[in-house]
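Be aware that the sequence shown starts at 1, since it is given in full-length UniProt numbering, and climbs by one per residue.
Glycine included, each C-beta is placed from N, C-alpha and C at the ideal position.
Report on the structure given below.
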Amino acid sequence: MTASFSSPESPHRITCIVGARPNFMKIAPIMAAFRDLTPNVHAQLVHTGQHYDAAMNGQYFDALGIPQPDINLEVRSGSHAEQTANVMLRFESTLDASPPSAVLVVGDVNSTLACALVAAKKNIPVIHVEAGLRSFDRSMPEEINRVMTDQISDLLFVTEREGCGNLLREGIDESRIRFVGNVMIDTLRHNVGKAASVSQILEDAGRARFLDGRDGYAVLTLHRPSNVDDAATLRTLLECVREMSVRLPVIFPVHPRTRQMVERFGLARILDAPTILQLPPVGYLQMLGLMKDARIVLTDSGGLQEETTALGIPCVTLRENTERPITATEGTNTIVGRDPERILAAFDDVMRTGGKRGRIPELWDGNAAKRIALAIQEWLDATPRH
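Here's what the structure looks like:
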């Protein structure tokens, strides 16, 4: 593990944080943009280890062309409080060894808030990519992370204009806010041509003929505690999936947490159907391949709501709210919650009409990371060094 970093030829040094797999897709184009566009900025990558699986992380880093982390804090799993505290303790040592010009955090995971707090308390500027998103549901741990991180950030990059309004209403000065577009969509556009084929995914799973004679398929992902940690809720959702699969086969990459709960609650039999294909967690290029050719995606993931909008694929979100409202107002997303009638009605609409057409939101053009890198260089050049 590297304890510090230096780059004599670069006057600005930025520490970039990744902690969980959704961060990888967001940091990849930013690291590339720093490398290609901003010779005055040297970026160091710190992996907190919040989500750490050597095989899965290796797949993501290789597929996305992310350099290996300079530092791994090796925090691993734990409760929200344990993770946040452990990241703070270990990241503090990293900053003490070599204070950077700024710390850049992405998204809304525990590592995002933890590293932002440590940097802010040490008077090191904090940059937040994907700022301003709000579900207005404080029962979501991610919402707490989003709100608190934004309040202590010095430069905030926003994916959709509504996020700018949220920040202004919360008292954040307009001079700190930049509307730049969505780095997740940068990554998608860069990789969609390399996405794995569905036929190869099925062959690798030993189910090459799963879709024979069928007109398309649905993709399902479930992982949020509010959906999978309650037996009755999870049962209801899985029973809806089984009913839908009679009309359209379902491919279900099963999150480890969801797998654990399915087994704990004795619900495995619901998924035991010839029209439901359960897969282990898949890599980014595999998931992208599944999504881009699906007739519908059913999910509780925030990132997939954005990616399906960019791909023009109908999305049904199994949550009562979203922190990414543009996917519903302009994109292909329909928010249905956990009510079986609403879920099945949205599914039926897709089957009958093809679902919402949507359009690509403003600045989701594949160039968000370039705007971010250039804006950071300009901002650092104008900021007195501490």
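- Look at the region 87–132 and you find these whole runs of alpha helix (DSSP H), each 4 residues long or longer: 110–121.
- When only Cα atoms are considered, A196 and Y284 end up about 9 Å apart.
- By the neighbour-count criterion, in which 16 or more other beta carbons inside 10 Å mark a residue as buried, P280 falls on the exposed side.
- When DSSP reads this structure, T334 sits in a beta bridge with V316.
- By the neighbour-count definition (other C-beta atoms within 10 Å, threshold 16), K292 is a buried residue.
- The Cβ-Cβ distance between A131 and G163 falls below 8 Å.
- Here the region 241–258 makes contact with the region 268–280; the two share three or more CB pairs at distances below 8 Å.
- According to DSSP, N72 shares a beta bridge with H47.
- C-alpha of V118 to C-alpha of M148: approximately 13 Å in a straight line.
- In this chain, the alpha helix (DSSP H) harbouring L167 covers 161–169.
- Each residue's CA atom was taken as its position, placing L188 and D300 some 19 Å apart.
- Cβ atoms of G78 and A28 stay farther apart than 8 Å, at about 26 Å.
- Around the beta carbon of D212, fewer than 16 other beta carbons sit within 10 angstroms, so the residue counts as exposed.
- The three-state secondary structure of V297, taken from DSSP, is strand.
- DSSP lists no bridge partner for V254.
- Within the same chain, T309, G358, P361 come within 7 Å of G331 by CB-CB distance, once the 5 residues on both sides are set aside.
- Three or more Cβ pairs closer than 8 Å define a contact, and the region 368–381 falls short of that threshold against the region 342–355.
- Looking from the CA of M25, the closest CA among Q200, V106, R259, R295 belongs to V106.
- Note on geometry: alpha-carbon atoms of E263 and L238 lie some 13 Å from one another.
- Taking E82 as reference, the option from N72, G49, S98, Q68 with the minimal CA-CA separation is G49.
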